[in-house]
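Just below is one structure, and these are the notes that go with it.
Number of protein chains: 2
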Amino acid sequence: MRTLFLAIFTICTAIAASSGEIASPDGNFRLSINTNTEGEPYYSLSYKGTPVIVDSRLGLQSPEANFDKGFRIIGTDTCHIDRTWTPVWGEYAEIRDNFNEMLVKFGSMTSGLEMDIRFRLFNDGLGFRYELPVQDKANYLTLKKELTEFNFTGDHTLYCIPGDYDTDEFLFSEVPFSGTSEALARYKGVHSESESIRETAVQTPLLLKTADKTPLYISLHEAGLIGYPGMSLTVDSDKRSLSALLTPDRLGNSAYLQLPVLTPWRTLIVSDDARDILASQMILNLNEPCSYEDTSWIKPMKFVGVWWEMFVTDATWSYSDDFRAKPGVTDYSKIKPNGHHAANTANVKRYIDFAAKNGIQGVLVEGWNEGWEDWASFKKNRQFLFDKPYPDFDIKELQKYAADKGVQIIMHHETAANAADYERNLDKAFSYMKDNGYNAVKTGYVGTVIPRSEHHTSQWMVEHVRHVIEKAADYRIMVDSHEAPKPTGLCRTYPNWLAQESARGGEFEAFGGNPPSHTCILPFTRLKGGPMDYTPGIFEIHYWNRENGKKSQAFTTLARQLALYLTMPSPIQMACDFPETYERFDDAFQFIRDVPVDWADTRYLEAEPNRYITVARLDKNSSDWYIGAITDDKERTALIDFSFLPKGVKYVATIYEDAPDAHFMTNPQAYRIRTINVNSKTKIKQRLAPGGGTAIRIAPAQIANK
Amino acid sequence: MRTLFLAIFTICTAIAASSGEIASPDGNFRLSINTNTEGEPYYSLSYKGTPVIVDSRLGLQSPEANFDKGFRIIGTDTCHIDRTWTPVWGEYAEIRDNFNEMLVKFGSMTSGLEMDIRFRLFNDGLGFRYELPVQDKANYLTLKKELTEFNFTGDHTLYCIPGDYDTDEFLFSEVPFSGTSEALARYKGVHSESESIRETAVQTPLLLKTADKTPLYISLHEAGLIGYPGMSLTVDSDKRSLSALLTPDRLGNSAYLQLPVLTPWRTLIVSDDARDILASQMILNLNEPCSYEDTSWIKPMKFVGVWWEMFVTDATWSYSDDFRAKPGVTDYSKIKPNGHHAANTANVKRYIDFAAKNGIQGVLVEGWNEGWEDWASFKKNRQFLFDKPYPDFDIKELQKYAADKGVQIIMHHETAANAADYERNLDKAFSYMKDNGYNAVKTGYVGTVIPRSEHHTSQWMVEHVRHVIEKAADYRIMVDSHEAPKPTGLCRTYPNWLAQESARGGEFEAFGGNPPSHTCILPFTRLKGGPMDYTPGIFEIHYWNRENGKKSQAFTTLARQLALYLTMPSPIQMACDFPETYERFDDAFQFIRDVPVDWADTRYLEAEPNRYITVARLDKNSSDWYIGAITDDKERTALIDFSFLPKGVKYVATIYEDAPDAHFMTNPQAYRIRTINVNSKTKIKQRLAPGGGTAIRIAPAQIANK
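Residue numbers (the numbering used here), protein chains in the order written: chain R, 1 to 706; chain G, 1001 to 1706.
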């Protein structure tokens, strides 16, 4: 299926101008472009008359050619475009792409260099990118610096994680500009594969909130990250300013480019209503259309897996405890098994049985292949083999067993961040998958990157991951990538890229926990780039902490876990807990059985970053609506207005809620299930326990009563 | 065909010892191993009672574990092995592998570390390697330094090229230890892709000659370079000492190792007869046997090609002069051709016709594929496509045309040293070759390496090239690699690795020239690692120098070019000049038509490094012998003793020689062809012009007279 375009073009105009100005289609945004007396390009942006970005610099620097000053505006091309397209999967059945565009052409009288910057102003924000056309005075660039600034107007609050070239698995800080240095310094060295940025820096997607009486919410990110390094932002607390910092390789170069160059889009989503930030599809709109002719093989799904037990029991990824075992060298059939290897045939069958019984499409299996006996990323030139199962994992038998039950096994390719070796083996790995009936893979890049010149977010790695996605598409394989560069909406172009991790995920509930606010900020930040494989579904809140041997717990109520399937939308959603746990709470598990992973429509009903989210979604394949509502560590009453329902139709709502005495710390598993009749006029007050949540299925009355 | 072993093992003995000593099977070499009072391991070597290496240190250093001191010898295992094996191709039909071996076990009382060093003493020299067994106190090593020393006994003459991490395409210096600093400093910055080693350093294969009345010749190299960086040697002029210097990556680490570790062999071939250095097969003997079950697809061959014209005419690799063309992006069918692109269908057919007519098996075509419009290695993340011919190269038509004439086209894969991108496309590239009937590829790595952490000779690149060879074997493809790490005899293990460049080759005759001595030293140095694709066969000595637009010339006589087919043996030999040139000198070209590229036996008749070589070889597929004799820039009379011929058999020798007035500078194309009758008693004096040579075909009389 190709995406459909319904395009309405107004007449485009080209003029010679010394400055450029445009407004968004609804007139709320105004953008102006100028140069100063040194010929340095600047831009500024306002929303409903309020300045959002003031005089902020633009430009690129390389030893071969500096596109930074001496410029004047030699012309502008403006356009209005209004079109609608159909995503393969997502939060909406159709997405409107409606913007005014201005291409500003800069020329230097002295150097002869030319630089275009393309601005698109939507009703929800701004996207702009640098475009370096083919020209006589420049061909190759070794990019050292992008000069893009974002100068704000006050001591806004930042919802941010610290700048790091190699990981984004952090909790968020909520801190004003003036407090960033102190707040971000706390993170240094907390993550094993981290290489912190030395300056005070933050990552995108970043959320800011102004201190105004009617505050503005500002989401800052990038779209369409292709052939370019990831962008972080250095923070100037005094100037309330953020500046682009491109991840360099270990030689200190950020990008190797040949003209013509199109950079990724720099994006600002702005609104005085926090819900608009969540609803915005601007980043997808700025990405290129689907690059595949046929997408029939891309199928959203839920999955269970041999995974969570490696976090909360003594089960291991490794087959043996012999840390000297070498993949492809050691005869694994002859070394001593450790007796608690999870990815064994019998255990996988147990998950397949459970998935088949409950209509879950997939079973992820981690630790199925040679190489888990030690962890020596960077030091080891080959850590894993992608076509060598452990002796107790009978891949042929499991293929047949799963196929007979209509379940698919999801492959796991942990690379230990050895992207070089993964590329060397990629065709072999994907062929092996297809030979054994696999259609989806979870990839992992835990550790320090090989090639050793690279970071997780440097240009080469950005292209590596895209190469994997494209190669996977050649084999009709769907991908869920972990520890990869942050998503930037590329799932529109490559819809087999179902999800990424790229943030601190649910796994951290097993080591330290995620405070309830974490999932109240992720949708405002990380999720603006694309779906996250957050792995919700923890029903057994208390677990054995394998790190310290003590009883520990996740920071959530059980009902909240159900709400996450709505508030953390993804076309591939895990139910991470054990089959036997779900069997103990089968009435609550009914929600996971029911909940879709692909949507026809979405309505954000309530939202405040780090505090709460209430969202309603319409199943793409039925008339059922679903609602998810979560709060932070404080009790809350969600006000749910059902006016999104079609008028005059009767529905039955099944409400999965925290019990009155539930509390995420002291009584997390207390939940209640009740049904009420609702229609478009219904409004309810729904209590959420501290750290809790509510999940609701809303089915037309005649169906629900069957 | 697998190699055959005829092995005779004497009883092996293991003893506890505080020092170790062994002798070579013929008793000429004596080796002793010891530790000093700090427990540092040392070795020394003598030949016929004369010290060759005196007390030289051994050891390895890494931050994780230092194998350098505190050791004592805790035991030795000794063995005698005598066996014969059959190479797939080479200078001999069978090769004898006859040595005494001593495995010296070092143990540390303090650190608990264990290190073995395996020494093999042959009748032609010594090989030794480090072996780090699996042990409790060490697992991963980030190798910083190998301590191996070679301490010599006097101010020997070195025949050397300067230490460089990225290129070995230099002329040789003949210089005593005491003059090395000055001599090697002259080279700095003479080669575009060079990264000179800062210390005074030389590359291997290195030749040394003592100043004794009966001098010793000492060849120093390594064998079986796998999973380890290439070794250069730093020079201590005062101490007459060389020390191992392993190529580091750009992070400063030399190797990433996991125990067990076997390093490459460090090799010393020693004799008081220079001819023994040439004849030695010790480096092949130290390599592992052929790793392929079936080698029937590996076929030595001669080839012509679309190549030399790009050096000496205005013909280009590129199709267009538009330096902004981007492979895979630009539509090459729509850009303006430059009108002098050599790899066009008609021109390739001309070479195919010529090859077919003259029994030449292969036609190399360079510049057939997209990407030659500029040269931006390192700056460009994709320089070439390996499956996109230029519009004027009709690959399908040429496949059919060549096949109909019994000729094969040799693929060319220039990577611009972007090994990362080559790996990404390797399966696609080799599949494309097989789909189009190609069985051999010339690879190239001109430029600065990507991954950008690597050098041409760093560990990752060593493994990259081996990966390419193994992957090629999966496709039954033969490889001739240029700008790859120096050969170390791996062609025994991987006989599809027919040849390498890895030295200043014949192409330099087109820009600056190779003095005649160059090909008198290469067989003593570079060729000890394996065959070189030197590209002999220049008949039109004078050419148009495209660099300065002037008439220029190669430093050779025409007859010498024929002799190079014997003195520079390779299973893949080019006849590099133009078909029309060979047609002008058809009588001389008869020798190239006749000369084999695979040999049953070889006799080095005369040899002195940098001065002269005379060699006789027996065709593997007939009873014909061939002789090649070359001199340096001085006239010489070769004394050729035909006693290698079987007694009582009459032969006719066809002699291709310099005319009496020939001279490589003033009259290089003057040659003469004559025949004489010879038998095992014949001795002749054969004049070689300055810079000249002689090539002789010796066929049994009854056949020759037919």
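Yeah, the Cβ is synthetic: ideal placement off N, Cα and C, and Gly gets one too. Since the structure is predicted, the reported quantities are computational estimates derived from the model, not experimental observations.
Notebook entry, point to check: Is ILE197/R closer than 8 Å to LEU725/R when the C-beta atoms are compared?
Noted result: Shown here, chain R extends from 1 to 706; a query on residue 725/R therefore has no answer.
Check: Around the Cβ of LYS45/R, are there at least 16 other Cβ atoms within 10 angstroms (buried) or fewer (exposed)?
Finding: Checking the sequence shown, residue 45/R turns out to be Leu, not Lys. Looking at its Cβ environment, which holds 16 or more other Cβ atoms inside 10 Å, LEU45/R is buried.
Notebook entry, point to check: Which residues bound the alpha helix (DSSP H) around PRO1579/G?
Noted result: 1579-1584
Next item on the list: Mind reading off the beta-carbon distance from VAL597/R to GLN561/R? Whole number of angstroms is fine, and I expect it under 8 Å.
Entry: So it is not a contact: roughly 15 Å between Cβ atoms.
Checklist line | Contacts that TYR256/R makes with chain G (C-beta to C-beta distance below 8 Å) | finding: PHE1378, LYS1379, LYS1380, ASN1381
Next item on the list: Would you mind telling me which residues of chain G sit closer than 8 Å to PHE323/R, beta carbon to beta carbon, in chain order?
Entry: ASN1139
Checklist line | Cβ neighbours of ARG1002/G in the same chain (closer than 7 Å, five flanking residues each side left out) | finding: At ARG1002/G, the pLDDT of 40 sits below 50, so the modelled position is not reliable and the matter cannot be decided from this model.
Margin query: Since ILE1640/G and ILE1613/G should fall inside the 8 Å C-beta cutoff, what is the C-beta to C-beta distance between them, to a whole number of angstroms?
Written below: Incorrect: roughly 12 Å between the Cβ atoms, too far for contact.
Check: Under the three-state reduction of DSSP, which class applies to GLN702/R: helix, strand or coil?
Finding: helix
Next item on the list: Grab me the residues of PRO515/R's own chain with a C-beta within less than 6 Å of its C-beta, minus the 5 sequence neighbours each way, in chain order.
Entry: PHE555
Next item on the list: Would you kindly work out how many angstroms separate the C-alpha atoms of TYR422/R and VAL441/R, rounded to a whole number?
Entry: 13 Å
Next item on the list: Give the single residue among MET1301/G, THR1316/G, VAL1615/G whose Cα lies nearest to the Cα of TRP1307/G.
Entry: THR1316/G
Next item on the list: Answer yes if the stretch 1530-1544 of chain G comes into contact with the stretch 1494-1510 of chain G, meaning at least three C-beta pairs across the two stretches below 8 Å, and no otherwise.
Entry: yes
Notebook entry, point to check: So, is HIS1542/G buried or exposed, given that buried needs 16 or more other C-beta atoms within 10 angstroms?
Noted result: exposed
Check: When the cut-off is 8 Å and only beta carbons count, does ALA1420/G lie next to chain R?
Finding: yes
Next item on the list: On the DSSP bridge assignment, give the partners of SER1258/G in chain order.
Entry: Before going further, note that residue 1258/G is Gln rather than Ser in the sequence given. In the DSSP output, where bridge partners are listed per residue, GLN1258/G has TYR1140/G.
Note to self: Assuming contact is defined by CB atoms lying nearer than 8 Å, are PRO1495/G and TRP1089/G in contact in what I supplied?
What the structure shows: yes
Check: Around the Cβ of GLY362/R, are there at least 16 other Cβ atoms within 10 angstroms (buried) or fewer (exposed)?
Finding: buried
Notebook entry, point to check: DSSP beta-bridge partners for LYS209/R?
Noted result: THR157/R, TYR217/R
Checklist line | Min CB distance HIS1456/G to chain R below 8 Å | finding: no
Next item on the list: Can you pull the chain G residues whose beta carbon is under 7 Å from the beta carbon of HIS467/R, in chain order?
Entry: ARG1424
Check: With 16 as the cutoff for other CB atoms within 10 Å, does GLN1281/G come out buried or exposed?
Finding: buried
Item checked: Cβ-Cβ separation, GLU1507/G to ILE1538/G (assumed contact under 8 Å), whole Å -> Actually they do not touch by this definition, with Cβ atoms about 10 Å apart.
Note to self: Taking the beta strand (DSSP E) that ILE676/R belongs to, which residues open and close that run?
What the structure shows: 671-678
Next item on the list: Could you check which residue in ALA211/R, ILE218/R, THR210/R, PRO205/R has the C-alpha nearest to that of LEU225/R?
Entry: PRO205/R
Checklist line | Check whether LYS1434/G and TYR1475/G have beta carbons under 8 Å apart | finding: yes
Check: For PRO1041/G, is the classification buried or exposed, using 16 other Cβ atoms within 10 angstroms of its Cβ as the cut-off for buried?
Finding: buried
Notebook entry, point to check: Cβ of ASN1287/G within 8 Å of Cβ of THR1493/G?
Noted result: yes
Notebook entry, point to check: So, do the stretch 1139-1149 of chain G and the stretch 1208-1216 of chain G have three or more beta carbon pairs nearer to each other than 8 Å?
Noted result: no
Checklist line | Residues of the stretch 1036-1051 of chain G whose Cβ lies closer than 9 Å to any Cβ of chain R, in chain order | finding: none
Item checked: Completely contained beta strand (DSSP E) runs for the stretch 556-632 of chain R, where each covers 3 or more residues -> 572-574, 599-608, 612-619, 625-631
Margin query: Please report whether the beta-carbon of THR1247/G lies at a distance below 8 Å from any beta-carbon of chain R.
Written below: no
Margin query: Let me make sure I understand the geometry here. Which of GLY328/R, LEU216/R, SER237/R has the alpha-carbon closest to that of GLU608/R?
Written below: LEU216/R
Notebook entry, point to check: For the putative contact between THR1084/G and ALA1093/G, defined by C-beta atoms under 8 Å, what is the C-beta separation to the nearest angstrom?
Noted result: About 10 Å separates the two Cβ atoms, so there is no contact after all.
Item checked: Cutoff 6 Å; reference ARG697/R; Cβ partners in own chain excluding five residues on either side -> ASP594, TYR626, THR654
Check: Is DSSP giving PRO51/R helix, strand or coil here?
Finding: strand
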